[in-house]
Amino acid sequence: MRYQQRLALMAPRNTRSYLATVLKIGPLGFALLCVYAVTQSHLHQKAEKRHIEKVENCLLVDVDCLENLAQQKPCKGPIKCAMSGPATSKHIKTEYIMEDDPSKTYITLHGAQISKNGTMAKRVLPRFKTSVPFITVPVDDSTYLIVKRPKSLKWLNFHWPKSQFMECMNFSIVRDVTRIIPLTKVGVFDEIRRRGDKQNVTVFLIGGSLLGWYRECDIIEHTHDLDFAIQYKEYRTEFFKHLDSVYRRRFRAGRIEEGLETSYHVWGNVRADFFIMYQKNKTTEYIAGMMPWKRQVIRYYSPRITKMCSGDLHGQLVYVPCNTEAILESTYGKQWYKDVPTNSYNYAESSSNTEMGEVFSEAQWLSVWNEFNDKDEPTTEKPEGSIDENE
1 MRYQQRLALM
11 APRNTRSYLA
21 TVLKIGPLGF
31 ALLCVYAVTQ
41 SHLHQKAEKR
51 HIEKVENCLL
61 VDVDCLENLA
71 QQKPCKGPIK
81 CAMSGPATSK
91 HIKTEYIMED
101 DPSKTYITLH
111 GAQISKNGTM
121 AKRVLPRFKT
131 SVPFITVPVD
141 DSTYLIVKRP
151 KSLKWLNFHW
161 PKSQFMECMN
171 FSIVRDVTRI
181 IPLTKVGVFD
191 EIRRRGDKQN
201 VTVFLIGGSL
211 LGWYRECDII
221 EHTHDLDFAI
231 QYKEYRTEFF
241 KHLDSVYRRR
251 FRAGRIEEGL
261 ETSYHVWGNV
271 RADFFIMYQK
281 NKTTEYIAGM
291 MPWKRQVIRY
301 YSPRITKMCS
311 GDLHGQLVYV
321 PCNTEAILES
331 TYGKQWYKDV
341 PTNSYNYAES
351 SSNTEMGEVF
361 SEAQWLSVWN
371 EFNDKDEPTT
381 EKPEGSIDEN
391 E
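Just so you know, the UniProt record's numbering puts 37 at position 37 of the sequence shown, and the rest follows in order with no gaps.
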């Protein structure tokens with residue numbers, strides 16, 4: 001009995017109750033105690049070896065790492081980060097230097113290394129909020145990093161492929177006109193972009209809006225509409241139902257299978273036209289509009305978009321084709337950089353890339369042209385920025 005009491009006193013205080021129980025069953029209890037002691041010692045040694053580093057100035061942009069975490073696997077270090085300061089861990093690779101200008105609707109990632117052609121990569125990502133700003137990343141059995149996280153793997157997979165930043169030309173165009181769309185309303189571009197993002201729809205600039213952005217980094221002063229496009233593979237009925245709930249629809253023209261244009265009032269008499277872009281073949285795509293006075297389809301052909309990029313329009317993030325110049329040349333000709341007053345431009349005759357399509361009978365017309373008058377469609381327009389800021 002003295003031996004048992006002495007053994008009990010030798011045990012840690014938090015295990016004495018356990019020891020008192022197992023000793024009642026003799027040698028088996030002693031064996032269990034030994035196993036317990038060895039296990040606790042192993043766990044204690046493992047905990048002592050665990051190394052945790054908190055790197056608050058690292059935004060995790062390592063897609064492979066995020067995919068591993070989604071599968072509950074450790075990441076292979078060093079992990080790729082966008083840094084807002086110097087890296088303090090050998091387990092981190094500074095892939096980008098992060099710049100956060102509060103006047104812009106996006107954050108900028110500058111490549112940390114010079115490429116083979118002597119340039120430095122530049123990417124932009126929309127601002128985002130998340131309820132859990134940090135994530136713990138295991139890089140091996142004993143090392144854990146605490147870093148800033150993107151909103152989600154799905155979010156990064158949607159934005160990263162089109163995050164390459166593209167500069168506009170910023171040509172100076174001298175005009176003696178009054179600006180129709182004031183720059184105070186430029187936020188509608190970012191608002192529409194975010195509405196698409198929430199539906200996993202990439203809404204990009206096309207037509208006159210693309211021309212104004214690329215040529216002069218601006219909205220063309222004499223234009224009275226905004227032009228957007230969506231690739232057919234990303235068409236979502238829910239996206240247009242959402243637009244119906246926040247803007248006043250002007251008309252819907254065409255059929256989704258072969259050519260669709262939908263127009264909305266987004267501010268006063270300023271309208272936004274949304275075109276669906278279709279693939280004709282491996283090298284060519286087109287959008288379709290309607291000439292209502294002829295009840296006829298008109299198609300606009302352009303080179304296939306090679307890749308989607310991101311651009312800046314007065315601090316707003318916009319999506320643009322990476323091969324913008326080739327698309328503008330196919331639409332406006334080799335002198336696309338010269339200004340043509342809106343009143344002198346006929347969209348059915350001035351473009352060099354048009355093709356006349358089907359002519360509809362009066363009976364067919366009712367199914368392909370749906371026009372809304374102000375008295376028929378209530379105004380449900382909401383203020384700019386009324387959507388959830390949490391991307």
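A virtual CB, placed ideally from N, CA and C, is assigned to each residue, including glycine.
Just so it is clear, the structure is predicted and the values come from calculations on it, not from any experiment.
In summary, I114 is exposed, with fewer than 16 beta-carbon neighbours lying within 10 Å of its beta-carbon over all protein chains present. Rounded to whole angstroms, the separation of the alpha carbons of D227 and L210 is 8 Å.
Counting only unbroken stretches of 3 or more residues, the beta strand (DSSP E) elements lying wholly within the region 239-307 are 248-255, 259-267, 270-279, 284-291, 296-303, in sequence order.
For W369, there is no enclosing alpha helix (DSSP H); the enclosing beta strand (DSSP E) has its first and last residue at 369-371. Taking 4 residues as the minimum length, the alpha helix (DSSP H) runs contained wholly in the region 97-181 are 153-159, in order along the chain. Shown here, F360 sits in coil according to DSSP, grouped into three states, outside any helix or strand. Contact annotation, A112 with T130: C-beta distance approximately 24 Å; criterion of less than 8 Å not satisfied.
Rounded to whole angstroms, the separation of the alpha carbons of G311 and T324 is 11 Å. Judged by beta-carbon spacing, I173 lies within the 8 Å limit of E216, meaning their Cβ atoms are closer than that value. A326 sits close to P303, with the two beta carbons spaced by under 8 Å. Under the three-pair Cβ rule at 8 Å, the region 314-324 does not count as touching the region 261-271. The DSSP-derived three-state label of G85 is coil. For D197, the uninterrupted alpha helix (DSSP H) run begins and ends at 187-198, by DSSP. Distance from the CA atom of T223 to the CA atom of I180, rounded to whole angstroms, is 7 Å.
When the beta-carbon positions are compared, T143 and H265 stay at least 8 Å from each other.
Ranked by Cα distance from T284, the options Y106, T331, L183 are led by T331. For the pair L243 and R250, the Cα-to-Cα distance works out to about 12 Å.
If you look at Y332, you'll find it isn't in any beta strand (DSSP E); it sits in the alpha helix (DSSP H) that goes 324-332.
In the three-state reduction of the DSSP assignment, K233 falls in the helix class. Only buried fits D62, as 16 or more other CB atoms lie within 10 angstroms of its CB. Within the DSSP bridge table, the entry for L226 names A272 as partners. Distance from the CA atom of P292 to the CA atom of Q231, rounded to whole angstroms, is 24 Å. Secondary structure of N57 (DSSP, three-state): strand.
Taking each of L145, E67, L125 in turn and checking the Cα distance to F134, the smallest one comes out for L145. According to the DSSP assignment, V63 belongs to no beta strand (DSSP E) but to the alpha helix (DSSP H) extending over 63-70. Per DSSP, the beta-bridge partners of D312 are L317. Assignment of beta-bridge partners to K90 by DSSP yields no partner.
Considering only M356, F360, K307, E371, the residue with the shortest C-alpha distance to F165 is K307. Around the Cβ of S361, a 10 Å sphere holds fewer than 16 other Cβ atoms; the residue is exposed. Taking C-beta atoms as the reference points, R295 and W365 count as a pair closer than 8 Å.
By the criterion of a C-beta distance shorter than 8 Å, R175 is surrounded in its chain by E221, H222, D339, once the five residues flanking it on both sides are discounted.
DSSP places E221 in the coil class of the three-state scheme, outside both helix and strand.
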